[in-house]
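Q: Got a structure for you, written out below as structure tokens; questions coming shortly.
Protein chains: 2
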Amino acid sequence: MPLTVESLNPAILNVEYAVRGELAIKAEEYRTKLKTPNNGLPFDRIISSNIGNPQQKGLDQPPITFVRQLAALMEYPALAELAPGVFPADVVKRAKQLQEEIGSIGAYSHSQGVPLIREHVAQFIQERDGFPSDPKNIFLTAGASAGVSLLLSMLISSPSSGILIPIPQYPLYTAAIAQFSGKPIPYYLDGSADWNTSPEEVDAAVKKAHAEGTHPKALVVINPGNPTGALLSEDVQIELIRICEKHGLVLLADEVYQSNLHKPASHPFTSFKKLVSKLQSPVPLVSFHSTSKGVMGECGRRGGYFECTNISPEILALIYKMVSVGLCPPLQGQIAVDTLVRPPKKGEASYPKWKQETDTIHAALAERTNVMAGRLNKLPGVECVNSPGALYLFPRITLSEKAVAEAKKAGKQPDALYARELLDETGICVVPGSGFGQKEGEWHYRVTCLCPGVDDYVGKLEKFHNGFVQRYGV
Amino acid sequence: MPLTVESLNPAILNVEYAVRGELAIKAEEYRTKLKTPNNGLPFDRIISSNIGNPQQKGLDQPPITFVRQLAALMEYPALAELAPGVFPADVVKRAKQLQEEIGSIGAYSHSQGVPLIREHVAQFIQERDGFPSDPKNIFLTAGASAGVSLLLSMLISSPSSGILIPIPQYPLYTAAIAQFSGKPIPYYLDGSADWNTSPEEVDAAVKKAHAEGTHPKALVVINPGNPTGALLSEDVQIELIRICEKHGLVLLADEVYQSNLHKPASHPFTSFKKLVSKLQSPVPLVSFHSTSKGVMGECGRRGGYFECTNISPEILALIYKMVSVGLCPPLQGQIAVDTLVRPPKKGEASYPKWKQETDTIHAALAERTNVMAGRLNKLPGVECVNSPGALYLFPRITLSEKAVAEAKKAGKQPDALYARELLDETGICVVPGSGFGQKEGEWHYRVTCLCPGVDDYVGKLEKFHNGFVQRYGV
Numbered sequence: 001m002p003l004t005v006e007s008l009n010p011a012i013l014n015v016e017y018a019v020r021g022e023l024a025i026k027a028e029e030y031r032t033k034l035k036t037p038n039n040g041l042p043f044d045r046i047i048s049s050n051i052g053n054p055q056q057k058g059l060d061q062p063p064i065t066f067v068r069q070l071a072a073l074m075e076y077p078a079l080a081e082l083a084p085g086v087f088p089a090d091v092v093k094r095a096k097q098l099q100e101e102i103g104s105i106g107a108y109s110h111s112q113g114v115p116l117i118r119e120h121v122a123q124f125i126q127e128r129d130g131f132p133s134d135p136k137n138i139f140l141t142a143g144a145s146a147g148v149s150l151l152l153s154m155l156i157s158s159p160s161s162g163i164l165i166p167i168p169q170y171p172l173y174t175a176a177i178a179q180f181s182g183k184p185i186p187y188y189l190d191g192s193a194d195w196n197t198s199p200e201e202v203d204a205a206v207k208k209a210h211a212e213g214t215h216p217k218a219l220v221v222i223n224p225g226n227p228t229g230a231l232l233s234e235d236v237q238i239e240l241i242r243i244c245e246k247h248g249l250v251l252l253a254d255e256v257y258q259s260n261l262h263k264p265a266s267h268p269f270t271s272f273k274k275l276v277s278k279l280q281s282p283v284p285l286v287s288f289h290s291t292s293k294g295v296m297g298e299c300g301r302r303g304g305y306f307e308c309t310n311i312s313p314e315i316l317a318l319i320y321k322m323v324s325v326g327l328c329p330p331l332q333g334q335i336a337v338d339t340l341v342r343p344p345k346k347g348e349a350s351y352p353k354w355k356q357e358t359d360t361i362h363a364a365l366a367e368r369t370n371v372m373a374g375r376l377n378k379l380p381g382v383e384c385v386n387s388p389g390a391l392y393l394f395p396r397i398t399l400s401e402k403a404v405a406e407a408k409k410a411g412k413q414p415d416a417l418y419a420r421e422l423l424d425e426t427g428i429c430v431v432p433g434s435g436f437g438q439k440e441g442e443w444h445y446r447v448t449c450l451c452p453g454v455d456d457y458v459g460k461l462e463k464f465h466n467g468f469v470q471r472y473g474v
Numbered sequence: 001m002p003l004t005v006e007s008l009n010p011a012i013l014n015v016e017y018a019v020r021g022e023l024a025i026k027a028e029e030y031r032t033k034l035k036t037p038n039n040g041l042p043f044d045r046i047i048s049s050n051i052g053n054p055q056q057k058g059l060d061q062p063p064i065t066f067v068r069q070l071a072a073l074m075e076y077p078a079l080a081e082l083a084p085g086v087f088p089a090d091v092v093k094r095a096k097q098l099q100e101e102i103g104s105i106g107a108y109s110h111s112q113g114v115p116l117i118r119e120h121v122a123q124f125i126q127e128r129d130g131f132p133s134d135p136k137n138i139f140l141t142a143g144a145s146a147g148v149s150l151l152l153s154m155l156i157s158s159p160s161s162g163i164l165i166p167i168p169q170y171p172l173y174t175a176a177i178a179q180f181s182g183k184p185i186p187y188y189l190d191g192s193a194d195w196n197t198s199p200e201e202v203d204a205a206v207k208k209a210h211a212e213g214t215h216p217k218a219l220v221v222i223n224p225g226n227p228t229g230a231l232l233s234e235d236v237q238i239e240l241i242r243i244c245e246k247h248g249l250v251l252l253a254d255e256v257y258q259s260n261l262h263k264p265a266s267h268p269f270t271s272f273k274k275l276v277s278k279l280q281s282p283v284p285l286v287s288f289h290s291t292s293k294g295v296m297g298e299c300g301r302r303g304g305y306f307e308c309t310n311i312s313p314e315i316l317a318l319i320y321k322m323v324s325v326g327l328c329p330p331l332q333g334q335i336a337v338d339t340l341v342r343p344p345k346k347g348e349a350s351y352p353k354w355k356q357e358t359d360t361i362h363a364a365l366a367e368r369t370n371v372m373a374g375r376l377n378k379l380p381g382v383e384c385v386n387s388p389g390a391l392y393l394f395p396r397i398t399l400s401e402k403a404v405a406e407a408k409k410a411g412k413q414p415d416a417l418y419a420r421e422l423l424d425e426t427g428i429c430v431v432p433g434s435g436f437g438q439k440e441g442e443w444h445y446r447v448t449c450l451c452p453g454v455d456d457y458v459g460k461l462e463k464f465h466n467g468f469v470q471r472y473g474v
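Same order as they appear, the protein sequences are chains H and B.
Its first residue numbered 1, the first sequence is counted upward by one per residue in UniProt numbering.
Its first residue numbered 1, the second sequence is counted upward by one per residue in UniProt numbering.
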């Protein structure tokens, strides 16, 4: 008797993750096909703008030298003697300190993460916010995703458990909610007003859920936004905290883009931890951060952490138990967290290079985001919020009746049709808005702002869009 | 309203993982206490024999140089030029080949794992077994545990889904089955006969489960055994495959200790993949392997893979979807898998050192296991199978009525009392047999054979045991 799809956990079938979905798989097929001569494809490379993966081939954002020097020394400590002069003194010193604490990075660490690194995370949070942070409340993770999945698996206690998520959202949330058989409770962000979050809308969503027999357990907030790039004002954040207090919700704050700020003067980042502390709010809060984003962009090593605030020792012990079954987060991810929260300081040997490298990446991303938004906004039927944060733009595209009908015929969402034709024609892979959720009758796509050579890149998007409009009308 | 334990997913409360449970937490407390002067503890160090973690502090099994040189070059490719002569030519060549394929290890890879590394895994399996293996059927993972959890989460489709597990078992299985609300179906291994697996016992367990309304979905086999160290004969393996055929079970083969063989002539390892291929059996098989065990012992980088046999493309696509939500396994774990399946060959520059290092570790482990088993067997009330494989011994201990009564009074399992007193007196942390499961009225503990200085180490175990017997009688 063969194993059939029908015999599997039905919740698995409901999981969707468009960032690495059908289009991304098609893009990989094209990438393979490009290696063969006379492949007949109208482009010479694939640009994977579907995923915030800055160091991937073709984008090639350089790694921060400091991060890699430390990682190499942790792998092979003898290098400090074997290659004298290659490693700056502060890197050698830090590697020694971490080696004394950890021993070999080939060993499992404490399941919650190396204690010394958790201390450094707590210091980072304390300096960022001006409020205390305790290493006991911090869990190092294999990227933020692992932490989010774990928390959702614990909070969803029955099929009527609901999780409030922004729409549009990063599809990890809908995927994990489906996997653990919970109910997503959408609250809609306002695309006509810089993707603002409306506390009234969130409050209304809670009430509607209750009326429908769903029990809201947690509020997910992504700040800076993904896919929107929006930043919350402190006023809105405080109102959201009050809503959590009122309705007994856990606040899950996805803050992985906290250092991707393109206009920090007008659009600064404030952590939820800071505001919960300042208000002395009792709201249970879990805040997520990652080494995959920011300017480090070290996605491949799977590093991250979450901090628990107002979570009881009993529940912390349960979280510990659950992470211990998976043994520990990858050590190189943990080492990367250490560099994230403890970058070189002025006066240290690595500082000048680190400063120059990180400044360059910050500036390039801000510039590219601005240029792309400006040019996309000039296209017929395209409106694009000029993201003040994160790594993405999320342009709204108006699609003609003809395009909608054509998509329907092909059994696709209209923006999936748009994205598919974009891929087929230009080799650029984006994610259709339907993968993130959007208001009925609206269409978008998410595109990363990571591709160098922005002129050529946007040129391709423009040329395609104009052709699409010619084919299908506006 | 604070977050309460009662409001959480009740399945989480049922999860137990003794390897990192209460005793391991106590051991960490002692480790911290040891750093203070006049701590009053009767030992000067903690020996964490509860977990197969060869490179941990205090055990300090050295990493394989080849593995670490490659890892360092992948972190910081410029080292090939910056430190000329430090890296053997074959390591430099391999790093270049992997860099060409992967680009930066700071990028997310293919969610299923780097294609070239999956090809190498397939070649390894093919050479090991003499039957074809396809990279399409291989998923790289963050250690074997991540793969096991994923498969169980997919196979458990309702609370009546059952998973056959050996007793004693590695507690990942009971933990994951509890997490995903399935039912464990125990089949008992025979401690009086070298921890043999009896196919009749497995068949009887399936029938009993059916009679009780449980639907068996999969058979877990751990070979070499954990905690038992036993190796299955091919005859028994074939009978187990036939049982899976007969009852429509998926075979989950945990083969992470496949290279930890202390008596390979009399107790060789045969993979289930080889036998399923040889028999042309239609049984759906998932085989797990890891970089954490063997002589590499690179636990901290979280590397592993599973191979699917007789699993349909539709189900492979579902597995891909699920792993894509977590983005990708850690790149340094994937690189370690490459070194696991493609060690240096005779004639390559790294070969002599690699051979000497791996031979030394193999020999030390086999010798230590043998000495420990011999000495433990001489203790009153202790019977210990001399494990032919894996990293552990699982001695049976006879406990007196007085000891059982004392444990009951303390609300503990009797072998947990024994293990607790062992820790309190010697600083040696083991896992009580109750954490793995055992026949009613039998008591055991699992101890790793990783501690150097075996004479001193076993001496402590002996002294403690004799004192325990004096206190409580036999």
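Every residue, glycine too, gets a C-beta built ideally from N, C-alpha and C.
Using a Cβ-Cβ cut-off of 6 Å (strictly less than) and excluding sequence neighbours within five positions of N137 of chain B, which residues of its own chain qualify?
A: E307, C308
Q: In chain order, which beta strand (DSSP E) runs of at least 3 residues are fully inside the stretch 161 to 195 of chain B?
A: 161 to 167, 183 to 188
Q: Under 8 Å, CB to CB, which of the residues in the stretch 78 to 99 of chain H have a partner in chain B?
A: L79, L82, A83, V86
Q: According to DSSP, which residues form a beta bridge with T141 of chain B?
A: B:G304
Q: Do the stretch 93 to 109 of chain H and the stretch 289 to 307 of chain H make contact, defined as three or more Cβ pairs closer than 8 Å?
A: no
Q: Going by beta carbon distance, what residues of the same chain come within less than 6 Å of D190 of chain B, once the five residues before and after it are set aside?
A: N196
Q: Should the stretch 329 to 346 of chain H be called in touch with the stretch 102 to 120 of chain H, which here means at least 3 C-beta pairs below 8 Å?
A: yes
Q: Short check: CB of F129 of chain B to CB of E348 of chain B, under 8 Å?
A: Checking the displayed sequence, the identity of residue 129 of chain B turns out to be Asp instead of Phe. No.
Q: Could you say which of H:A144, H:S324, H:P343 lies nearest to F124 of chain H if we only look at CA atoms?
A: H:P343
Q: In chain H, which residues lie with their C-beta within 8 Å of the C-beta of A175 of chain B?
A: Within 8 Å Cβ-Cβ: V325.
Q: When DSSP labels each residue in this structure, what does C299 of chain B get in the three-state scheme?
A: Note: C299 of chain B maps to helix in three-state DSSP.
Q: So what does DSSP say about P54 of chain B, is it helix, strand or coil?
A: coil
Q: Tell me the DSSP secondary structure of H247 of chain H in three-state form.
A: helix
Q: In whole angstroms, give me the CA-to-CA distance for P199 of chain B and E440 of chain B.
A: 21 Å
Q: Can the beta-carbon of K474 of chain H be found less than 8 Å from the beta-carbon of T398 of chain H?
A: For clarity, residue 474 of chain H is Val in the given sequence; the question names Lys instead. Yes; because the gap between Cβ atoms is below 8 Å, this pair is in contact.
Q: Rounded to a whole number of angstroms, what is the C-alpha to C-alpha distance between H215 of chain H and P135 of chain H?
A: 32 Å
Q: Any contact between the stretch 359 to 378 of chain H and the stretch 432 to 446 of chain H? By contact I mean 3 or more CB pairs, one from each, below 8 Å.
A: The stretch 359 to 378 of chain H vs the stretch 432 to 446 of chain H: no contact.
Q: Quick one: is R20 of chain H buried, meaning 16 or more other Cβ sit within 10 Å of its Cβ, or exposed?
A: buried
Q: Give the secondary structure of T214 of chain H by DSSP, where H, G and I count as helix, E and B as strand, and everything else as coil.
A: coil
Q: Does the beta carbon of I12 of chain B sit closer than 8 Å to a beta carbon anywhere in chain H?
A: Yes, I12 of chain B lies at the interface with chain H (some Cβ there is under 8 Å from its Cβ).
Q: Nearest to K246 of chain H by alpha carbon, out of H:L261, H:S281, H:L232, H:K463?
A: Considering only alpha carbons, the answer is H:S281.
Q: For the alpha helix (DSSP H) that contains V458 of chain B, what are its first and last residues?
A: 454 to 472
Q: Mark G40 of chain B as exposed unless 16 or more other C-beta atoms lie within 10 angstroms of its C-beta, in which case mark it buried.
A: exposed
Q: For G213 of chain H, which residues in chain B fall below 7 Å Cβ to Cβ?
A: Ordered by position in chain B, no residue passes the 7 Å Cβ test against G213 of chain H, which lies about 17 Å from the chain.
Q: Using DSSP with H/G/I as helix, E/B as strand and the rest coil, what is D60 of chain H?
A: coil
Q: Do you know how far the Cα of S160 of chain B is from the Cα of P159 of chain H?
A: 17 Å
Q: Can you have a look at G411 of chain H and say buried or exposed, based on whether 16 or more other CB atoms are within 10 angstroms of its CB?
A: Exposed.
Q: Where does P432 of chain B sit, in a helix, a strand or coil, going by DSSP?
A: strand
Q: For K57 of chain B, go through chain H and note every residue whose CB falls closer than 9 Å to its CB, in chain order.
A: Residues of chain H whose Cβ lies closer than 9 Å to the Cβ of K57 of chain B are, in chain order, I102, G103, S104, A107.
Q: Mind pulling the alpha helix (DSSP H) runs of 4 or more residues that sit fully within the stretch 264 to 336 of chain H?
A: Whole alpha helix (DSSP H) segments, 4+ residues: 272 to 278, 313 to 325.
Q: So that I know if they touch, is there some Cβ in chain H lying closer than 8 Å to that of L417 of chain B?
A: Residue contact check for L417 of chain B against chain H: no CB pair falls below 8 Å.
Q: Consult DSSP for L47 of chain H and reduce its assignment to one of helix, strand or coil.
A: In the sequence on display, residue 47 of chain H carries Ile and not Leu. It is a strand residue.
Q: Between S111 of chain B and chain H, is any beta-carbon pair separated by less than 8 Å?
A: yes
Q: Give a yes or no on whether the minimum CB-CB distance between N137 of chain H and chain B is below 8 Å.
A: no
Q: Terminal residues of the continuous alpha helix (DSSP H) containing Y30 of chain B?
A: Membership of Y30 of chain B in the alpha helix (DSSP H) is indicated by the continuous run 22 to 34.
Q: How about V276 of chain H and L82 of chain B: do their beta carbons lie closer than 8 Å?
A: no
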